[in-house]
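For the sequence shown, the tail end lands on 208 under the working numbering, and the numbers increase by one without skipping. The block underneath contains the structure these notes are about, expressed in structure tokens.
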Amino acid sequence: MYVKLNELGLLVVISGPSGVGKGTVRKALFEMTNHNLYYSISMTTRKPRVGEKDGLDYIFTDEKAFQKGIKQNKFLEYAEFVGQYYGTPIDKVKEMLVKGNEVVLEIEVEGAKQVREKMPKAVFIFIAPPSRKALYDRLLSRGTESKETIIERMEKAEREFKLAHTYDYIVVNDEVSNAANRIMAIIRAEHAKTERSIYKYNKLLEL
Ligand code: 5GP
């Protein structure tokens, strides 16, 4: 099927250091009304945390199936994060974009880099903590990970902090609702960009 670029939905990549609250901000974004956002559910080899549901929070799988998916090019991007695999199934993303939906990915920074290489027209948003201390406090208070995992995540966060300049936008997660509002404002502004709206605008003039 031939699709004009401007008829495609927007791909929004939310990324940033581990523990910055990407997941919480993303959930707040989806709780807002009046949007056309579709959340791309990732696949992971990590075990479900208490309360997490298969097919809703993640598609939980094992390493063998994940590796098979990699070989069959089933992922738009994937990364190994603290000993576990995480990836974005490509088919659903494509389907939703072609239908004109906005697709939101919430992924770590290595995956975001891969998406930028494959889909440079996506919008890349870096979620930053209000301070380094705030991030560390959050990682420590989570209580779901072992001490080793927490230390590993902190070290990783230190390296990830430095990548903010490679993103289109930086949103500080001082308050979850503020951060979600800022992301929504970015999505709306991106829509109004001439390169995205000129096709619809020209159609309007034809009427
Ligand atoms: P968690 O184990 O805390 O749910 O997620 C660990 C990290 O993996 C988080 O930074 C999260 O955003 C990221 N993540 C979740 N899904 C994906 C994915 O599909 N691809 C990549 N690259 N990272 C993901």
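Built from N, CA and C at the ideal position, the CB exists for glycine as well. This structure is a prediction, so every number in the text was calculated from the model and none was measured.
Taking C-alpha atoms, which residue in the options lies nearest to residue i?
i, options, result
"GLY17", "MET97, LYS204, GLU207 and ALA180", "ALA180"
"VAL51", "LYS28, LYS119 and THR145", "THR145"
"LEU140", "GLU149, SER132 and MET155", "MET155"
"LEU38", "ASP169, HIS192, LYS48 and GLU81", "HIS192"
"LYS75", "LYS48, SER43, THR25 and VAL105", "SER43"
"GLY63", "GLU8, TYR86 and ALA113", "The sequence as given places Asp at residue 63; Gly does not occur at that position. ASP63 has its Cα closest to that of TYR86, out of GLU8, TYR86 and ALA113."
Who are the near neighbours of residue i in its chain, counting only those whose CB is closer than 6 Å to its CB and skipping five residues on each side?
i, result
"ILE171", "PHE127, ALA129 and ALA165"
Is any non-hydrogen atom of the ligand 5GP found closer than 6 Å to the C-beta of residue i, if you look at the structure I gave you?
i, result
"ILE108", "yes"
"ARG143", "no"
"PHE31", "no"
"GLY88", "yes"
"PHE61", "no"
"SER19", "yes"
"ALA158", "no"
"SER43", "yes"
"LYS100", "no"
"ARG117", "no"
"ARG47", "yes"
Which residues in the same chain have their Cβ closer than 7 Å to the Cβ of residue i, if we skip the five residues on either side of it in sequence?
i, result
"TYR168", "PHE125, ILE126 and PHE127"
"ALA29", "VAL177, SER178 and ALA181"
"LEU136", "PRO18, GLY20, VAL21, PRO130 and ALA158"
Which residue comes first and which comes last in the alpha helix (DSSP H) that contains residue i?
i, result
"GLY10", "First-last for GLY10: undefined, no H or E at that position."
Might you give, ordered along the chain, the residues of its own chain that have their beta carbon closer than 8 Å to the beta carbon of residue i, omitting 5 neighbours on each side?
i, result
"LYS100", "GLY10"
In terms of DSSP beta bridges, what is residue i paired with?
i, result
"ALA209", "No answer is possible for residue 209: the residues shown for the chain start at 2 and end at 208."
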